[in-house]
Amino acid sequence: MSNPRIEEVDEDVGDPDEMDVDAFDFARPQQGGLQQAPDPSQSRMTPEAMQQMFSQGGDNPFGNFGRAAPQQQQQMSQQERMQREREYQEKSKHYQCIYPVYFDSSRSREEGRRVKKEDAVANPLARTIVDALSHVGQSRGVGLQIVFEPHKMHPKDWANPGRVRVQVKKDGKPVSAKIANKHYLYKLVAEYLKQHPTTEEDSLRFKFQGMPPPKDNKLPKPAIPKGWKMGEILPLHSPALSGGGVSDNMFKDMMAEMGGGGGMPGMPGMPGMGGLPGMGGGGAGPSGGGGNAGGQQKKVKVGKKK
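And the structure:
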């Protein structure tokens with residue numbers, strides 16, 4: 001007979017400090033690899049903008065987004081896009097933030113999950129959460145205001161970038177009596193995610209301008225160090241994926257960038273990498289950064305067993 005478990009839900013839990021993919025210098029690609037999209041509207045996208053891309057992009061809703069335009073037209077549209085970006089930012093700054101980790105079945109409450117264990121799913125993605133919110137709004141006749149921010153990430157889930165903002169309350173009151181609070185909305189999103197399990201094809205649905213397609217159209221597998229929790233299916237622009245424009249030696253590059261530090265800056269709760277093979281400490285390779293002050297390696301003589 002299993003023991004019942006009681007999980008507490010704190011209504012006043014706020015959103016975590018946001019992080020940006022651009023903060024990960026080690027994930028910046030070499031020439032010809034993954035490129036940061038110059039268009040800021042790719043960072044924050046309304047369902048209306050997505051719908052326009054669906055109608056233009058065929059099977060790939062973001063396929064035509066990066067097509068080159070005449071220089072004059074591009075400069076004119078850049079001003080419009082920047083203006084729209086500022087409007088979105090101002091309009092959505094009080095919206096509820098939703099991260100994939102809130103629905104991750106591999107996580108505990110302390111590790112970022114915010115729904116019950118039985119409502120959580122494997123490998124949740126922000127892009128699918130957009131679909132879930134759109135479905136919730138349409139099925140209940142509620143005009144939800146949704147903003148998609150693919151660059152943003154939860155500090156405890158750095159490998160799975162993507163955040164969604166949605167307006168749950170206005171002037172302190174629910175925007176609809178059909179969605180009384182954010183926890184009920186989480187449950188509705190979780191139901192959709194349960195009915196639409198994540199597949200590898202889902203990770204390919206969002207691509208940045210200049211991002212090369214994965215080799216053989218297959219998603220590269222994430223390099224998961226022992227003891228770290230990371231989804232098996234991640235967005236194509238995840239800094240944890242080798243290939244797809246991200247360095248194959250991502251963790252070594254990360255260690256070198258950190259200067260041999262014991263933890264990852266700005267990511268509380270994440271273990272250091274000094275204990276990983278070839279990643280810091282006395283056994284680090286040339287790109288490991290080393291763990292001794294001054295960058296000098298200590299020589300240790302090991303006597304032979306008699």
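Take the sequence shown: its position 96, counting from 1, is numbered 96 in UniProt numbering, and each next residue is one higher. Built from N, CA and C at the ideal position, the CB exists for glycine as well.
With H, G and I counted as helix, E and B as strand and the rest as coil, what does DSSP make of residue i?
i	result
GLU109	In the sequence on display, residue 109 carries Arg and not Glu. In the structure shown, ARG109 sits in coil (DSSP, three-state: anything other than H, G, I, E or B).
LYS170	strand
PHE206	coil
SER176	strand
VAL115	coil
LYS156	coil
ARG163	strand
My assumption, with CB atoms under 8 Å, is that residue i sits in contact with residue j. Please give the rounded CB distance.
i	j	result
LEU133	ASP202	With a Cβ gap of about 16 Å, LEU133 and ASP202 do not count as contacting.
SER106	LYS221	No, SER106 and LYS221 are not in contact; Cβ-Cβ is about 16 Å, not under 8 Å.
ALA122	THR199	Actually they are not in contact, since the Cβ atoms of ALA122 and THR199 sit about 11 Å apart, beyond 8 Å.
ALA190	VAL115	5 Å
Could you check if residue i belongs to the surroundings of the ligand SAH, using beta carbon to heavy atom distance under 8 Å?
i	result
THR199	The ligand SAH is not among the ligands present in this structure, which contains no ligands whatsoever.
With 16 as the cutoff for other CB atoms within 10 Å, does residue i come out buried or exposed?
i	result
TYR95	buried
TYR184	exposed
ASN160	buried
ALA177	exposed
SER92	buried
ARG86	exposed
LYS173	exposed
ARG140	exposed
MET82	exposed
LYS152	buried
LYS170	exposed
So, using beta-carbon positions, are residue i and residue j closer together than 9 Å?
i	j	result
LEU234	PRO214	no
ILE179	VAL142	yes
VAL101	GLU111	yes
HIS135	TYR186	no
GLY227	ASP104	no
ARG127	PRO155	no
VAL164	VAL130	yes
VAL175	ILE146	no
PHE148	GLY162	yes
ASP119	LYS182	no
TRP158	PRO225	no
LEU204	LEU219	yes
So the beta strand (DSSP E) residue i belongs to, where does it begin and stop?
i	result
VAL147	146-149
ILE224	Counting along the chain, ILE224 falls outside any beta strand (DSSP E), and DSSP gives it neither H nor E.
ILE98	96-98
Considering just the uninterrupted stretch of the alpha helix (DSSP H) at residue i, what are its terminal residues?
i	result
ILE129	126-140
VAL189	182-195
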